[in-house]
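Participant: Chains as they are written, first to last, in the numbering used here: chain A, 1 to 224; chain B, 1 to 212; chain C, 1 to 234; chain D, 1 to 135.
All C-beta atoms, glycine included, are put in the ideal place defined by N, C-alpha and C.
Following this message is one structure expressed as structure tokens.
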Amino acid sequence: MSRFWRQALQVAKRDLLVEGRAGEGVGIVLPFGALAVFVVPLATSGSASLLADLAAPVYWLVTLLFGMQLALRQTATETVPQRRLLVLLGLDPVARFVGRTLSAWVLLIGLQLVLIPLVVLFYEPEPVPTPALMLPALALYALGLAMLGTLAGDLTVGLRTRTALAPMLAAPLAVPLVMGASQSLISISRGEGILTWTLLLVATDLALAVAGVVTARPLEETAT
Amino acid sequence: MTDPIVQLRDIGVRFGTVPVLVAVDLTIAPGEVVGVAGPNGSGKTTLLGVVATLIRPSSGTGRVLGAALGTDDVRRVRRRIGLSGHEPAVYPDLTLAENLRFVARVAGVTVEAADRALADVGLAAAADRPAGRSSHGMQRRIDLARMLMLEPDLVLLDEAHAGLDQDAEVIIDVILERTRRRRGGALLVSHDAERLTRQVDRVLRIEAGATV
Amino acid sequence: MTKRILPVLAGLALVAALAVALSSPPDVLQGDFVRILYIHVANAWLAFLAFGVTAAASIGWLVRKKPGYDRVAAASAEIGVLFTAVTLFTGMIWGKPIWGTFWDWGDARMASTALMFFVYLGYLALRRATPDRQARARRSAILGVIAVVQVPLVYFSVVLWRTLHQGLTIRPDSVQMEPAMLVALLVNVGAFSLLYLALLTARVRLARLEEAVEAHERAPAGRAVTAPRLETGQ
Amino acid sequence: MNGRRMFLALAVVGIATAVFFLVRSAQSDVVYYLTPSEATERRPEFPDGRRFRLAGIVVPGSVVESGGEYRFNVTDGADEVPVLLVATPPQLFGEDINVLLDGYWENGVFVSDEALIRHEETYETPSPTSVEAAG
Chain A
1 MSRFWRQALQ VAKRDLLVEG RAGEGVGIVL PFGALAVFVV PLATSGSASL LADLAAPVYW
61 LVTLLFGMQL ALRQTATETV PQRRLLVLLG LDPVARFVGR TLSAWVLLIG LQLVLIPLVV
121 LFYEPEPVPT PALMLPALAL YALGLAMLGT LAGDLTVGLR TRTALAPMLA APLAVPLVMG
181 ASQSLISISR GEGILTWTLL LVATDLALAV AGVVTARPLE ETAT
Chain B
1 MTDPIVQLRD IGVRFGTVPV LVAVDLTIAP GEVVGVAGPN GSGKTTLLGV VATLIRPSSG
61 TGRVLGAALG TDDVRRVRRR IGLSGHEPAV YPDLTLAENL RFVARVAGVT VEAADRALAD
121 VGLAAAADRP AGRSSHGMQR RIDLARMLML EPDLVLLDEA HAGLDQDAEV IIDVILERTR
181 RRRGGALLVS HDAERLTRQV DRVLRIEAGA TV
Chain C
1 MTKRILPVLA GLALVAALAV ALSSPPDVLQ GDFVRILYIH VANAWLAFLA FGVTAAASIG
61 WLVRKKPGYD RVAAASAEIG VLFTAVTLFT GMIWGKPIWG TFWDWGDARM ASTALMFFVY
121 LGYLALRRAT PDRQARARRS AILGVIAVVQ VPLVYFSVVL WRTLHQGLTI RPDSVQMEPA
181 MLVALLVNVG AFSLLYLALL TARVRLARLE EAVEAHERAP AGRAVTAPRL ETGQ
Chain D
1 MNGRRMFLAL AVVGIATAVF FLVRSAQSDV VYYLTPSEAT ERRPEFPDGR RFRLAGIVVP
61 GSVVESGGEY RFNVTDGADE VPVLLVATPP QLFGEDINVL LDGYWENGVF VSDEALIRHE
121 ETYETPSPTS VEAAG
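Structure (structure tokens):
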């Protein structure tokens with residue numbers, strides 16, 4: 001394995017190990033997101049058809065907002081001494097971006113997998129004919145969010161207003177992702193093709209990857 | 001190999017509009033250990049950041065391990081620089097052993113070297129203790145263990161003696177001795193002038209951002 | 001001298017543009033409502049230009065690290081946000097009588113323009129949140145490069161999707177507009193370009209003055225620390 | 001660093017390809033609105049009551065108003081669809097105008113409760129004859 005991928009995987013492994021110990025994502029963000037799913041039905045008139053219609057919008061909203069919380073979790077925020085250490089170890093900034101994205105991706109997919117049964121169970125939306133078709137869209141959606149979260153987190157590292165600022169920067173840029181994923185779901189439930197929306201997701205993910213690679217070096221200096 | 005390890009000429013650093021360093025000259029020859037002393041706010045820590053290639057000087061010229069400061073050249077030499085700052089660079093959620101092993105894998109050193117360094121600094125028995133629940137002194141020892149493991153050609157210690165007991169002092173002695181033997185260089189910042197003079201070849205004083 | 005000339009020129013041009021817009025012939029379908037188009041299109045075009053300048057200046061900063069690039073990037077983004085707001089506003093005023101609605105969620109042009117507005121609001125928020133000038137320049141330059149991805153998305157959204165918003169009127173191969181109206185549009189674009197330049201130079205000058213005030217008599221941090229005025233009592 | 005360049009080159013090619021096919025498939029795939037021919041052709045996909053948008057030109061001479069309801073036909077040159085509009089149409093509504101209707105099929109009639117005008121990207125000054133015709 002090349003030095004680049006060894007470093008990227010080490011960074012991803014470190015993030016997941018820290019998450020396993022601190023449990024901020026699994027123990028705090030995830031239950032909080034689940035709670036948000038419960039609040040919506042309580043605030044409606046109790047109409048079953050209304051809830052069924054709300055299932056998908058609520059799902060996308062909660063995965064976007066809480067996905068950002070997950071990607072920007074405090075325990076995964078590197079301190080200045082930690083960042084300086086990594087720079088002096090000769091860690092390739094691109095490998096760092098890839099590693100951090102990978103770990104956030106794993107957690108975001110986890111968040112999605114937990115929220116889907118919850119929404120299906122409590123909102124009873126119309127069944128999707130072939131749910132497996134959604135898997136690529138969900139994976140591409142989570143990948144894009146992971147990259148955006150990593151970028152926004154690095155841009156705002158060390159700022160006092162970070163917790164609100166980072167999601168504010170990421171959310172409007174995430175809209176093509178939300179659009180691609182949500183329209184994929186609509187197309188699948190109508191039995192239409194999803195090529196357009198898959199292409200939109202792929203193009204957005206690639207553009208974010210380019211942004212991540214190009215800005216990795218200047219971003220490295222934000223923490224030193 | 002007579003090129004100096006560090007050579008700074010008339011270095012200035014400003015944070016925003018606030019000048020922190022105004023005119024610093026510094027040379028560290030191969031095999032030399034230099035101490036830096038000065039009052040609070042005189043720019044000692046910033047100087048260390050400049051030498052570590054982490055802070056870009058606003059003016060002046062400098063070379064560290066042959067790489068010109070402020071250029072992409074410094075990327076080549078960073079792996080050969082070891083820094084221990086005020087705050088230890090550890091992940092509080094990882095154990096002491098995991099901290100060192102992570103560094104070893106990223107830097108391309110064997111895991112055995114990490115475990116050996118951990119034992120060398122006297123933390124073998126505490127290997128599985130989370131770093132966040134270890135004392136400040138133990139965390140500092142992890143910083144020092146990293147230097148034993150990676151053998152940097154340029155050793156930078158900020159507040160070298162803070163939080164370390166007499167035993168740990170020996171670790172610094174060993175690191176400096178090995179660095180001298182490798183013909184590397186070291187820069188130590190400390191308040192404890194007495195300990196400093198014992199360990200370094202000469203002391204540089206800075207006041208209000210300038211060497212005096 | 002030039003700092004007086006540009007605002008005056010821009011002011012005169014805007015008066016002329018308004019006169020041309022009001023005296024140009026009405027559209028066969030839209031009647032007098034077509035006059036809103038001149039301001040709407042001119043503002044939209046300049047918003048794109050402003051964000052393009054922000055991106056270019058951001059790249060300039062990342063390469064050269066000169067504070068001048070950062071000032072231009074910041075000033076242009078502020079003006080771009082202002083022009084985007086005017087674009088959205090005039091678009092809504094125009095949409096009501098012509099389309100029959102202020103806003104249409106299915107329309108890619110409207111949605112993407114609103115998003116562009118929020119992306120650059122975020123850019124300004126990031127600047128405000130970063131006190132250190134060097135760090136602010138670096139971070140906002142990086143975001144300035146990432147954010148500009150939105151601009152072509154907005155411009156081409158009418159080509160990408162079938163929308164309520166009409167397609168491109170001025171294309172490389174044809175201009176589907178009567179000459180008299182085209183002249184009115186071009187005069188307005190010219191006038192708003194002058195306004196953009198006047199605002200940009202004024203804002204950059206202001207930024208430079210702000211920094212000069214900040215830098216006035218700043219001593220090294222260490223000089224602010226003196227020996228404690230305490231004595232150990234016996 | 002060569003890997004970095006290669007990735008960037010490949011990614012840019014990938015984005016260009018994706019966008020190219022995206023534009024092509026978006027024009028056929030993405031249903032912001034249907035033309036009258038498409039609406040007739042894809043009739044089985046849209047059972048009565050399922051909402052979609054229909055865009056076409058109001059057929060001259062087909063507009064009949066009664067009690068705030070408008071009946072007219074829209075066309076795309078090929079097919080015609082009968083429309084019942086149960087809302088106040090926008091100011092510019094009239095014959096030969098491009099309209100965008102939100103509604104659903106009901107017994108072969110497109111029932112709409114929202115009409116928008118879709119104007120073209122062409123701008124013309126009125127010719128003397130059309131001024132008279134507009135009255």
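Write down every uninterrupted run of the beta strand (DSSP E) in the stretch 157-184 of chain A whose length is 3 residues or greater and which is fully enclosed by it, in chain order.
Facilitator: With a minimum length of 3 residues, no continuous beta strand (DSSP E) run stays inside the stretch 157-184 of chain A.
Participant: List the endpoints of the continuous alpha helix (DSSP H) containing residue 193 of chain C.
Facilitator: Per DSSP, residue 193 of chain C belongs to the alpha helix (DSSP H) from 179-215.
Participant: Between residue 26 of chain A and residue 171 of chain A, what straight-line distance do the alpha-carbon atoms span, to the nearest angstrom?
Facilitator: When rounded, the distance between both Cα atoms is 22 Å.
Participant: Beta-carbon within less than 7 Å of residue 130 of chain D's beta-carbon, same chain only, minus the 5 sequence neighbours each way: which residues are those?
Facilitator: At residue 130 of chain D, the pLDDT of 40 sits below 50, so the modelled position is not reliable; the number obtained from the coordinates is stated separately. So the list is empty, once near-sequence residues are dropped.
Participant: Please determine if the stretch 22-34 of chain C and the stretch 201-210 of chain C are in contact, where contact requires at least 3 C-beta pairs separated by less than 8 Å.
Facilitator: Contact between the stretch 22-34 of chain C and the stretch 201-210 of chain C is absent, because fewer than three Cβ pairs lie under 8 Å.
Participant: Using a 10 Å radius around the Cβ and a threshold of 16 neighbouring Cβ atoms, would you call residue 51 of chain B buried or exposed?
Facilitator: Buried is the call here.
Participant: According to DSSP, which residues form a beta bridge with residue 63 of chain B?
Facilitator: DSSP lists B/7 and B/68 as partners of residue 63 of chain B.
Participant: Considering Cα atoms alone, identify which of A/105, A/87 and A/39 is closest to residue 122 of chain A.
Facilitator: Residue A/39 is the option with its Cα nearest to residue 122 of chain A.
Participant: Taking residue 130 of chain C as the query, report the chain A residues whose CB atoms sit under 7 Å from its CB, ordered along the chain.
Facilitator: 159, listed in chain order.
Participant: Can you round the beta-carbon distance between residue 189 of chain B and residue 36 of chain B to whole angstroms, since I take them to be within the 8 Å contact cut?
Facilitator: Indeed, because the Cβ distance is near 5 Å, the residues count as touching under 8 Å.
Participant: Assign residue 193 of chain B to buried or exposed, taking buried as 16 or more other Cβ atoms, counted over all protein chains shown, within 10 Å of its Cβ.
Facilitator: Its Cβ having fewer than 16 others within 10 Å, residue 193 of chain B is exposed.
Participant: Using the Cα positions of residue 180 of chain B and residue 122 of chain C, report the straight-line distance between them to the nearest angstrom.
Facilitator: Roughly 51 Å separates the two Cα atoms.
Participant: If you draw a straight line from the alpha carbon of residue 167 of chain A to that of residue 178 of chain A, how long is it in whole angstroms?
Facilitator: Residue 167 of chain A and residue 178 of chain A: Cα-Cα distance of roughly 14 Å.
Participant: Pick from C/138, C/119 and C/52: whose alpha carbon is nearest that of residue 66 of chain C?
Facilitator: Ranking the options by Cα distance to residue 66 of chain C, first place goes to C/138.
Participant: How about residue 97 of chain C: is its C-beta nearer than 8 Å to some C-beta of chain D?
Facilitator: So, interface residue.
Participant: Is it buried or exposed, residue 45 of chain A, if we count other Cβ atoms within 10 angstroms and call 16 or more buried?
Facilitator: Burial call: exposed.
Participant: Suppose you measure from the CA of residue 235 of chain C to the CA of residue 118 of chain D; what does that come to, to the nearest Å?
Facilitator: The displayed coordinates of chain C run from 1 to 234. Any statement about residue 235 of chain C would go beyond what the structure contains.
Participant: Can you list, in chain order, the residues of its chain whose CB lies under 7 Å from that of residue 46 of chain B, leaving out five sequence neighbours each side?
Facilitator: Around residue 46 of chain B: 13, 20, 21 and 55.
Participant: Taking 8 Å as the CB-CB limit, is residue 117 of chain D close to chain C?
Facilitator: Chain C, which has a Cβ nearer than 8 Å to the Cβ of residue 117 of chain D, makes this yes.
Participant: Express the C-alpha separation of residue 203 of chain A and residue 13 of chain D in angstroms, rounding to a whole number.
Facilitator: Rounded to whole angstroms, residue 13 of chain D to residue 203 of chain A spans 10 Å at the Cα level.
Participant: Please tell me whether residue 33 of chain A and residue 148 of chain A are closer than 8 Å, where the distance is taken between their beta carbons.
Facilitator: Not a contact, by the Cβ cut-off of 8 Å.
Participant: With a CB to CB cut of under 8 Å and the five nearest residues on each side skipped, what residues in its chain are close to residue 213 of chain A?
Facilitator: Closer than 8 Å at the Cβ level, and outside the excluded window around residue 213 of chain A, lie 94 and 97.
Participant: Going by DSSP, what residue range makes up the alpha helix (DSSP H) through residue 45 of chain C?
Facilitator: Taken as a continuous stretch (DSSP letters only), the alpha helix (DSSP H) holding residue 45 of chain C covers 34-64.
Participant: Taking the straight line between their C-alpha atoms, what separation do you get for residue 16 of chain B and residue 134 of chain C?
Facilitator: Distance between the alpha carbons of residue 16 of chain B and residue 134 of chain C: 6 Å.
Participant: According to DSSP, is residue 95 of chain B helix, strand or coil?
Facilitator: If DSSP states are grouped into helix, strand and coil, residue 95 of chain B belongs with the strands.
Participant: Taking residue 36 of chain B as part of the beta strand (DSSP E), name the residues at either end of that continuous run.
Facilitator: Start and end: 33-37.
Participant: For residue 11 of chain D, which residues in the same chain have their Cβ closer than 8 Å to its Cβ, ignoring the five residues on either side in sequence?
Facilitator: Cβ neighbours of residue 11 of chain D beyond the five flanking positions: none.
Participant: Identify the contact partners of residue 185 of chain B in chain A, using a Cβ-Cβ distance below 8 Å as the criterion.
Facilitator: Near residue 185 of chain B there are no residues of chain A at all, since even the closest Cβ is about 15 Å away, more than 8 Å.
Participant: Identify every residue that forms a DSSP beta bridge with residue 206 of chain B.
Facilitator: B/211, per the DSSP bridge assignment.
Participant: So for residue 112 of chain D, helix, strand or coil by DSSP?
Facilitator: Looking at residue 112 of chain D - three-state DSSP - the assignment turns out to be strand.
Participant: Relative to the C-alpha of residue 12 of chain A, which residue among B/105, B/139 and B/196 is closest?
Facilitator: Answer by Cα proximity: B/105.
Participant: Excluding sequence positions up to five away, which residues of its chain have a Cβ less than 8 Å from the Cβ of residue 132 of chain D?
Facilitator: Per-residue confidence for residue 132 of chain D stands at a pLDDT of 36, beneath the threshold of 50, marking its modelled position as unreliable; the derived number appears in the next sentence. For residue 132 of chain D, where only same-chain residues beyond five positions count, there are no Cβ hits under 8 Å.
Participant: Could you spell out where the beta strand (DSSP E) holding residue 102 of chain C opens and where it closes?
Facilitator: Segment: none, residue 102 of chain C is in no beta strand (DSSP E) and carries neither H nor E.
Participant: Are at least three pairs of beta-carbons, each pair with one atom in the stretch 149-166 of chain A and one in the stretch 126-138 of chain A, less than 8 Å apart?
Facilitator: The answer is no - the stretch 126-138 of chain A does not touch the stretch 149-166 of chain A, with fewer than three Cβ pairs under 8 Å.
Participant: Would you mind reading off the limits of the alpha helix (DSSP H) that contains residue 33 of chain D?
Facilitator: Per DSSP, residue 33 of chain D belongs to no alpha helix (DSSP H) and is neither H nor E.
Participant: Please compile the residues from chain C whose C-beta is within a distance smaller than 8 Å of the C-beta of residue 60 of chain B.
Facilitator: Result: empty, since nearest Cβ-Cβ is about 15 Å, beyond 8 Å.
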